[in-house]
Amino acid sequence: MENELLLTLVICRLIILIPGLPIDPMDLLGVDGKLSVDPNNVEPASLDFGLLTRSQPLAVFHPNSAQDVAQLVKAAYTSNRWLPVSARGHGHSIKGQAQTKNGVVIQMSRSKEVGMLDSVRKYPPQPRVWSRERYMDVWGGELWIDVLNSSLEYGLAPKSWTDYLYLSVGGTLSNAGISGQTFNHGPQISNVHELDVVIGKGELLTCSENQNPELFHAVLGGLGQFGIITRARISLEPAPQRVRWIRVLYSDFSAFTGDQEHLISLHAQPGCQKFDYVEGFVIVDEGLVNNWRSSFFSPPNPVKISSFVATGGVLYCLEIAKNYHETTAETIDQEVESLLKKLNFISTSVFATDLLYMDFLDRVHKSELNLRSKGLWEVPHPWLNLFIPKSKIAEFDKGVFKGILGNRTSGPILIYPMNKDKWEQRSSVMMPDEGVFYLVAFLRSVSDNGEETQSLEYLTDQNRQILRYCDEAGINVKQYLPHYTMQQEWMDHFGSKWDWFCEMKREFDPKHILATGQQIFTPNLSSSSNMAS
Numbered sequence: 001m002e003n004e005l006l007l008t009l010v011i012c013r014l015i016i017l018i019p020g021l022p023i024d025p026m027d028l029l030g031v032d033g034k035l036s037v038d039p040n041n042v043e044p045a046s047l048d049f050g051l052l053t054r055s056q057p058l059a060v061f062h063p064n065s066a067q068d069v070a071q072l073v074k075a076a077y078t079s080n081r082w083l084p085v086s087a088r089g090h091g092h093s094i095k096g097q098a099q100t101k102n103g104v105v106i107q108m109s110r111s112k113e114v115g116m117l118d119s120v121r122k123y124p125p126q127p128r129v130w131s132r133e134r135y136m137d138v139w140g141g142e143l144w145i146d147v148l149n150s151s152l153e154y155g156l157a158p159k160s161w162t163d164y165l166y167l168s169v170g171g172t173l174s175n176a177g178i179s180g181q182t183f184n185h186g187p188q189i190s191n192v193h194e195l196d197v198v199i200g201k202g203e204l205l206t207c208s209e210n211q212n213p214e215l216f217h218a219v220l221g222g223l224g225q226f227g228i229i230t231r232a233r234i235s236l237e238p239a240p241q242r243v244r245w246i247r248v249l250y251s252d253f254s255a256f257t258g259d260q261e262h263l264i265s266l267h268a269q270p271g272c273q274k275f276d277y278v279e280g281f282v283i284v285d286e287g288l289v290n291n292w293r294s295s296f297f298s299p300p301n302p303v304k305i306s307s308f309v310a311t312g313g314v315l316y317c318l319e320i321a322k323n324y325h326e327t328t329a330e331t332i333d334q335e336v337e338s339l340l341k342k343l344n345f346i347s348t349s350v351f352a353t354d355l356l357y358m359d360f361l362d363r364v365h366k367s368e369l370n371l372r373s374k375g376l377w378e379v380p381h382p383w384l385n386l387f388i389p390k391s392k393i394a395e396f397d398k399g400v401f402k403g404i405l406g407n408r409t410s411g412p413i414l415i416y417p418m419n420k421d422k423w424e425q426r427s428s429v430m431m432p433d434e435g436v437f438y439l440v441a442f443l444r445s446v447s448d449n450g451e452e453t454q455s456l457e458y459l460t461d462q463n464r465q466i467l468r469y470c471d472e473a474g475i476n477v478k479q480y481l482p483h484y485t486m487q488q489e490w491m492d493h494f495g496s497k498w499d500w501f502c503e504m505k506r507e508f509d510p511k512h513i514l515a516t517g518q519q520i521f522t523p524n525l526s527s528s529s530n531m532a533s
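Just so you know, full-length UniProt numbering puts 51 at position 51 of the sequence shown, and the rest follows in order with no gaps.
Listed below in structure tokens is the structure:
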């Protein structure tokens, strides 16, 4: 098997260098999946949503099953040379986290390979719903939109989401998976019963709280460092039919964060009425109307942002939602009004709409299609996602929102709090050491309109300024979807968990062949070498 794979990769190199070479390396690969060196497959795997890095693999592998993934990783592990392997879902990473240079990218999503007929192509298993037990088994490369469609057939849905559903299950579980439901249900990694994982030795293992628990907790939020998720057992709940979606505005930051923190505290009061979704975003200019968060402020809810704040000021938008069924529609107005009465927003700034639950969850995709049609989606995205401790969020507002940003955003800035007690503390995810912390996400897009404030250089430098400010101000931030280039930075990120993280790496990926795009560990041909070197 090893010799076949190595010979295949040599031929792959030749095919890349000599297009049209009449040899099919797939005939030499001893697994059922398809290894492709077609530029139409390799080129997308060299890039990601961020469009900030490029790293070309030797080949892209399309597995039919978890066994295919295991066989490929086993071949890489037993190779006499270092052969990196990275799993790729929808490619929504920002700085090359799912890329690998001179290795193999495993395309986990159900994408079609060039030149492969549907009648010939085999696909990984479809989602399977266990309605009585209220969970479902899904392939690691399954997109959350397909998970939702499958579960809704049984009147059920996962409890926790991301804002964008065209992400893979394995991808979000390797980070955390957060959205406006996180305050109540926790992130997606807190709503998983069981995983099948191919570790870096090429072994396919099942893990859960009771079976291989160390692997289970390491993989959740583990950035792909310990294994490739091939199956996840996701917790379900009865799905609502409709959503009352509301946005209200604030000019006072303390009132805004006070109301957010009040709303997420209601989860601890059994039987208490509460919103099912709590998010928010910052408006430092009228650019809101031109980005993918703006559709809500279109007719029938037109709004002139400048009418609520003086020129140069900052507005904050609280975004909340209440789920309901058709049978309870007559009480939704009363419930929402009761909750809103306790908040301190600008009284004339209430904007509400009702829509199907599916349409609410898939709201970003509709804006994506619009931006794609204008050529405004596939552009560089120098995003920065931070977890900020509650005690420092006002200081962050003063120094960043009212300071560093100036009056241009180049994209949405999300801000919302989460309850730490809803997170699994044994996972690999790093969070601030406070009971409540905020996500602040700068989701910027580069524009070629000639404005300096929307250039890649300007926005990248602004991200560095934000991180430098936090460091100098003593704001102990943790990056979400982290990216560092020096191992010392990774050591600082993981803090007291670093030694444990290295121990898990030694145990489950001793040759450091997995997820090399994260740049956490250097290549290791000897499983006994020092992991932290």
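Even for Gly, the Cβ is constructed at its ideal location relative to N, Cα and C. Only a predicted model underlies this, so the values are computations on that prediction, with no experimental measurement involved.
With residue i as the anchor, note down where its beta strand (DSSP E) starts and where it stops.
i	result
Gly280	277-283
Asp354	351-356
Val440	436-442
Ser36	34-36
Ala321	315-324
Pro44	Here Pro44 belongs to no beta strand (DSSP E); instead the alpha helix (DSSP H) covers 39-45.
Leu156	156-158
Establish whether the CB of residue i and some CB of chain B are separated by less than 8 Å.
i	result
Ala98	The structure shown contains no chain B; it is built from a single protein chain.
How would you write the range of the alpha helix (DSSP H) that residue i sits in, first residue to last?
i	result
Ser151	144-152
Leu467	456-472
Met136	Here Met136 belongs to no alpha helix (DSSP H); instead the beta strand (DSSP E) covers 135-139.
Ile332	329-340
Ala218	213-219
Gly171	169-173
Lys366	363-373
Trp500	498-508
Met491	487-494
Lys185	Per the sequence shown, the amino acid found at residue 185 is His instead of Lys. Unbroken alpha helix (DSSP H) run through His185: 182-185.
Taking the DSSP output, what are the residues bridged to residue i?
i	result
Gly227	Ile199
Leu204	Val198
Glu479	Before going further, note that residue 479 is Gln rather than Glu in the sequence given. Bridge partners of Gln479: Leu386.
Leu514	Val85
Trp377	Looking at the DSSP assignment, Trp377 forms no beta bridge with any residue, so it has no partner.
Trp130	Tyr135
Val446	Partner(s): none; Val446 has no beta bridge.
Could you check how far apart the C-beta atoms of residue i and residue j are, in whole angstroms? I think they sit under 8 Å.
i	j	result
Trp490	Leu355	That pair is no contact at about 42 Å.
Gly224	Gln518	7 Å
Leu371	Ser410	About 14 Å separates the two Cβ atoms, so there is no contact after all.
Pro417	Leu52	With 8 Å as the limit, Pro417 and Leu52 do not qualify as a contact, their Cβ atoms being about 29 Å apart.
Pro57	Val42	6 Å
Gly140	Gly170	3 Å
Leu413	Phe281	This sequence places Ile at residue 413; Leu is not what is there. Sure, about 6 Å apart at Cβ, within 8 Å.
Ile513	Gly227	That belief does not hold up - the Cβ atoms of Ile513 and Gly227 are roughly 11 Å apart, past 8 Å.
Leu192	Leu215	Reading off the sequence, residue 192 comes out as Val, not Leu. With a Cβ gap of about 13 Å, Val192 and Leu215 do not count as contacting.
Tyr469	Gly399	5 Å
Leu173	Ile189	6 Å
Ser150	Pro158	The pair is not a contact, with the Cβ atoms about 10 Å apart (cut-off 8 Å).
Asn407	Leu481	Incorrect: roughly 26 Å between the Cβ atoms, too far for contact.
Evaluate residue i with the Cβ neighbour count: other Cβ atoms within 10 Å of its Cβ, from every protein chain shown; 16 or more gives buried, anything less gives exposed.
i	result
Asn524	buried
Lys392	buried
Arg363	buried
Asp48	buried
Lys74	buried
Pro270	exposed
Gly403	exposed
Gly450	exposed
His325	exposed
Pro389	buried
Arg132	exposed
Val114	A caution first: Val114 carries a pLDDT of 44, below 50, which makes its placement in the model too unreliable to give a value.
Glu330	exposed
Pro124	buried
Ala232	buried
Leu369	exposed
Quick check: does the Cβ of residue i come within less than 7 Å of any heavy atom belonging to the ligand FMN?
i	result
Tyr135	Questions concerning the ligand FMN fall outside what the structure shown contains, since it holds no ligand whatsoever.
Threshold first: 4 residues or longer. Then list the alpha helix (DSSP H) segments lying entirely within the stretch 49-128, N to C.
The stretch 49-128 contains these whole alpha helix (DSSP H) runs: 66-78.
Just to confirm the assignment: which complete alpha helix (DSSP H) runs, minimum length 4, are found wholly within the stretch 232-279?
Fully enclosed alpha helix (DSSP H) runs of 4 or longer: 253-265.
Counting only runs that start and end within the stretch 387-434, where is the alpha helix (DSSP H) found for 4 or more residues in a row?
393-396, all fully within the stretch 387-434.
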